[in-house]
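Take 76 as the starting number for the sequence shown in this note's numbering and just add one per residue.
Just so it is clear, CB atoms sit at the ideal spot from N, CA and C, and this is done for glycine as well.
Computed from a predicted model, the values in this text were never measured in an experiment.
Below is one structure; the comments refer to it alone.
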Amino acid sequence: MLRNVLRACARPEPWKRGPVLTALALLLGLLLLLHAAIPDLAGLGSLLENVLPWLGVFIPVLLTGALWRRSLSAVTALLLPAVAWTTLFGGLLPDKSHSGGDLTVATHNVGTADPAPTARTLAATGADLLALEELTPQATPLYEKTLAPTYPHHAILGTIGLWSKLPLSATHPIDIMNYGPLAATKPAAAKLPENRALHTTVTTPHGPLAVYVAHLGSVRLMPRKGFWTSSRNIGAAALTNAITADATPRLLLLADLNGTWDDRAFTTLRTHLHSTQQTSGTGFGFTWPAAFPVARIDQILYRGLKPNHSWTLPQTGSDHLPVAATLTW
């Protein structure tokens with residue numbers, strides 16, 4: 076049997092078959108390896124990075140075609156994307172969680188979810204810190220009322236809020252939405268209702284913990300303009316500047332980033348923070364859209380702490396899934 080296989084491989088015909096499949100396999104491998112070098116024309120680079128894990132779906136598809144065509148060149152070329160995908164994402168698949176943890180945190184873009192049952196569900200996780208994004212004037216009082224028995228401390232600035240079992244101080248907004256020469260002339264009172272990021276200090280028995288809550292600008296896939304990310308990218312830069320200037324040793328970012336952690340908009344932020352899902356989760360932990368999640372755009376990011384476990388929570392009625400994590404001082 077082995078001798079027959081070797082003879083077949085020695086013939087030139089199997090290597091000449093399937094040139095298109097071979098080219099597609101090499102292209103797939105190069106996209107995985109060199110995605111960061113692809114120009115962001117019309118947001119193409121950013122869009123690719125947000126769907127990067129899904130490029131792996133094409134590997135078995137191309138392999139099936141290569142076997143059907145009996146193309147040795149295509150099968151060999153598929154080693155490139157297979158190794159590249161495994162290098163990039165293989166480490167996410169095993170269960171990296173372990174028991175223990177001093178602090179449980181959760182974050183959720185609540186969207187149009189029913190406030191009272193959503194608040195009860197989130198409080199039932201036992202989270203010490205609970206961040207909510209996309210709050211509305213109508214829903215906010217219901218979240219405050221329902222969460223008050225569990226969380227004696229909370230801060231709400233615009234459309235985001237943080238509920239805490241531990242004292243909060245020095246809470247202030249971070250402007251991630253206003254930009255341009257007229258931004259500085261806009262009164263703070265005018266900015267507050269639409270505010271989408273905040274910083275606060277949590278007082279813990281182990282010292283201060285800096286906590287940021289953020290909801291970056293939306294992205295849009297437009298027929299003529301491509302993948303529009305301008306608002307999100309400006310917010311990411313402003314948020315990154317605030318975090319990199321923060322000297323607090325222990326820091327958390329609870330956020331709807333409107334982009335995956337692989338997106339080039341977060342290149343600098345990745346040098347300062349780590350994802351709990353990558354270091355203590357299982358799999359990709361996709362959060363959006365809730366009905367059939369294909370991307371993890373909701374994140375718990377940290378520095379100066381040790382993650383124990385990261386997971387997604389069940390649907391609440393929002394188009395995002397909540398995420399939670401436990402960490403150790």
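Segment limits, alpha helix (DSSP H) that includes residue i
| i | result |
| --- | --- |
| residue 134 | 133-144 |
| residue 100 | 94-108 |
| residue 150 | 147-152 |
| residue 348 | Where residue 348 is concerned, there is no enclosing alpha helix (DSSP H), given that its DSSP letter is neither H nor E. |
| residue 199 | That residue, residue 199, is in no alpha helix (DSSP H); it is neither H nor E in DSSP. |
| residue 215 | 215-222 |
Of the residues the options, the one placed nearest residue i, counting alpha carbons only
| i | options | result |
| --- | --- | --- |
| residue 333 | 319, 308, 355 and 152 | 308 |
| residue 343 | 318, 107 and 399 | 318 |
| residue 288 | 359, 97 and 248 | 248 |
| residue 337 | 316, 367 and 373 | 373 |
| residue 212 | 197, 204 and 186 | 186 |
| residue 316 | 102, 341 and 128 | 341 |
| residue 386 | 204, 120, 182 and 99 | 182 |
| residue 149 | 121, 98 and 128 | 98 |
| residue 324 | 169, 285 and 240 | 285 |
| residue 168 | 128, 184 and 200 | 128 |
| residue 94 | 122, 123 and 140 | 140 |
| residue 201 | 188, 178, 144 and 208 | 178 |
| residue 280 | 160, 294, 404 and 130 | 404 |
| residue 399 | 379, 371 and 109 | 371 |
| residue 91 | 112, 145 and 124 | 145 |
| residue 293 | 267, 397, 331 and 321 | 331 |
| residue 238 | 215, 250, 252 and 377 | 215 |
| residue 376 | 383, 388, 351 and 390 | 351 |
| residue 305 | 349, 322, 326 and 253 | 253 |
| residue 246 | 226, 277, 261 and 225 | 277 |
| residue 268 | 197, 209, 142 and 180 | 209 |
| residue 251 | 226, 310 and 384 | 310 |
| residue 243 | 262, 261 and 205 | 205 |
| residue 392 | 112, 113, 224 and 192 | 192 |
| residue 131 | 162, 121 and 382 | 162 |
| residue 397 | 365, 96 and 118 | 365 |
| residue 194 | 104, 224 and 105 | 224 |
| residue 125 | 229, 106 and 198 | 106 |
| residue 109 | 184, 361, 160 and 327 | 160 |
| residue 363 | 389, 353, 170 and 320 | 389 |
Continuous beta strand (DSSP E) stretch holding residue i: start and end
| i | result |
| --- | --- |
| residue 386 | 381-387 |
| residue 303 | 301-303 |
| residue 248 | 243-248 |
| residue 279 | 272-279 |
| residue 401 | 398-403 |
In DSSP terms, what residue i is bridged to
| i | result |
| --- | --- |
| residue 124 | Paired residues: none, contrary to the question. |
| residue 405 | Shown here, the chain extends from 76 to 404; a query on residue 405 therefore has no answer. |
| residue 208 | 184 and 235 |
| residue 331 | 290 and 373 |
| residue 297 | 301 |
| residue 229 | 238 |
| residue 179 | 401 |
| residue 465 | As displayed, the chain neither begins before 76 nor continues past 404, which places residue 465 out of reach and without an answer. |
| residue 378 | 326 |
Proximity test, residue i beta-carbon vs the ligand PLP heavy atom, cut-off 7 Å
| i | result |
| --- | --- |
| residue 366 | Ligands in the displayed structure: none, and consequently the ligand PLP is not present. |
Are there three or more Cβ pairs, one per stretch, closer than 8 Å when the segment 344-354 is compared with the segment 119-136?
no
Does the contact criterion of 3 or more C-beta pairs under 8 Å hold for the segment 354-363 versus the segment 149-158?
no
Are three or more beta carbon pairs between the segment 229-246 and the segment 272-283 nearer than 8 Å?
yes
Cβ pair count under 8 Å reaching 3, the segment 296-308 against the segment 213-220
no
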